[in-house]
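**Q** In our numbering, the protein residues as written are 3 to 289.
This is the structure, below, for whatever I ask next.
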């Protein structure tokens, strides 16, 4: 994690008067070029890094420099702490835990983070999903392919180059390059069986996650507008699943958009007589 490395480099520079790029590269298991990029990042963030030239040269901080609370504003400390604590609720990440502790040591811990808490883990956390996330995270970090059985095709293994773990709603996915399909695919962790590492490694492909067509990835079918009538005794369930903004309480109806596929039919049928499809007509006929 780059943020963890940047903080650790800062701690080293605070502790030592001078250190060489080679020493930092060996300590953090990265290239010298990466260290120089990190030093540029620290300088851009306001850390007064200086370079000493000559045979006894190296990298250091200006004399008597110490990180104080002006390095991060109070609201920035709060936001960073909340983000890291939220990450730790999803899965064990020693790097995130280390960064959080270092932030507390450097700038103190008298922020408003206790007024805001995010827990991304579902009720009754599935330990199997957690184990899969741990395996996939390690594979992503080491650029190692993984193999697994997926969904209904339980007789054939998929081999993928895992690139990114994704949380969408209440579910976790891995986004990776499928060697069988020769294309990027999204795999739901709950449908993955017999997950294990392959001996094969890969060269990570460049991705701009913010520009990926995530809606198209999830909704690869036609999205339709549904209008449903529901029984009063499932009002709480409807609110929790779809949000109060989609509900017309006076008429006891809910309007929402979902992709039309076999999952949708099964989902609607699972409510039995508790809901009635009002629109569109062809879904009403199917249900």
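For each residue, glycine too, the CB sits at the ideal point set by N, CA and C.
A quick note: this is a predicted structure, and the numbers were derived from the prediction, not measured.
Which residues does DSSP pair with residue 185 in a beta bridge?
**A** As a first step, residue 185 must be located in the chain shown, where it is residue number 183. Answer is 180, bridged to residue 185.
**Q** What residue from 204, 190 and 161 has the CA that sits closest to residue 183's CA?
**A** To locate residue 183, count along the chain shown from 1; it is residue 181. Checked all of 204, 190 and 161; the closest Cα to residue 183 is 161.
**Q** Run through DSSP, which three-state label would residue 46 get?
**A** Working through the chain shown from its first residue, we reach residue 46 at position 44. The answer is helix: DSSP assigns residue 46 an H, G or I state.
**Q** Three or more C-beta pairs under 8 Å: does that hold for the region 193–201 against the region 227–241?
**A** No, because fewer than three Cβ pairs between the region 193–201 and the region 227–241 fall closer than 8 Å, the two stretches do not touch.
**Q** What's the gap between the Cα of residue 205 and the Cα of residue 51?
**A** For this step, residue 205 is matched to residue 203 along the chain shown. For this step, residue 51 is matched to residue 49 along the chain shown. Between residue 205 and residue 51, the C-alpha separation is close to 33 Å.
**Q** Residue 265: buried (16+ other C-beta within 10 angstroms of its C-beta) or exposed?
**A** Reading the chain shown from its first residue, position 263 is the one you call residue 265. It counts as exposed.
**Q** Let me know if residue 7 comes out buried or exposed under the rule of 16 or more other beta-carbons within 10 Å of its beta-carbon.
**A** Translated into positions along the chain shown, residue 7 becomes position 5. With 16 or more other Cβ atoms within 10 Å, it is buried.
**Q** Just to confirm before moving on: does the CB-CB distance between residue 255 and residue 231 stay below 8 Å?
**A** Position 253 of the chain shown holds residue 255. Position 229 of the chain shown holds residue 231. Yes, they are a contact pair.
**Q** What residue range is occupied by the uninterrupted alpha helix (DSSP H) comprising residue 24?
**A** Taking the first residue of the chain shown as 1, we reach residue 24 at position 22. Unbroken alpha helix (DSSP H) run through residue 24: 23–30.
**Q** How many angstroms separate the CA atom of residue 259 from the CA atom of residue 43?
**A** The residue given as residue 259 occupies position 257 in the chain shown. The residue given as residue 43 occupies position 41 in the chain shown. Those two C-alpha atoms are separated by around 43 Å.
**Q** DSSP on residue 131, reduced to helix/strand/coil?
**A** On the chain shown, residue 131 is found 129 positions in, with the first residue counted as 1. Correct three-state label for residue 131: helix.
**Q** When DSSP labels each residue in this structure, what does residue 63 get in the three-state scheme?
**A** Within the chain shown, the letter at position 61 stands for residue 63. The answer is strand: DSSP assigns residue 63 an E or B state.
**Q** Buried or exposed: residue 35, going by 16 or more other Cβ atoms within 10 Å of its Cβ?
**A** Within the chain shown, numbered from 1, the residue matching residue 35 stands at position 33. When all chains shown are included, residue 35 counts as exposed.
**Q** Please classify residue 178 as buried or exposed, where buried requires at least 16 neighbouring CB atoms within 10 angstroms.
**A** Along the chain shown, read from residue 1 onward, the residue named residue 178 stands at position 176. Burial call: buried.
**Q** Pull up the distance between the alpha-carbon of residue 38 and that of residue 30, whole angstroms please.
**A** Against the chain shown, residue 38 aligns to sequence position 36. Against the chain shown, residue 30 aligns to sequence position 28. Cα to Cα, residue 38 sits roughly 13 Å from residue 30.
**Q** Can you tell which of 228, 146 and 235 has its C-alpha closest to the C-alpha of residue 270?
**A** As a working note, residue 270 is residue 268 in the chain shown. Here the closest residue by C-alpha is 228.
**Q** Could you check what DSSP says for residue 202 in three-state terms: helix, strand or coil?
**A** Your numbering for residue 202 matches position 200 in the chain shown. Looking at residue 202 - three-state DSSP - the assignment turns out to be strand.
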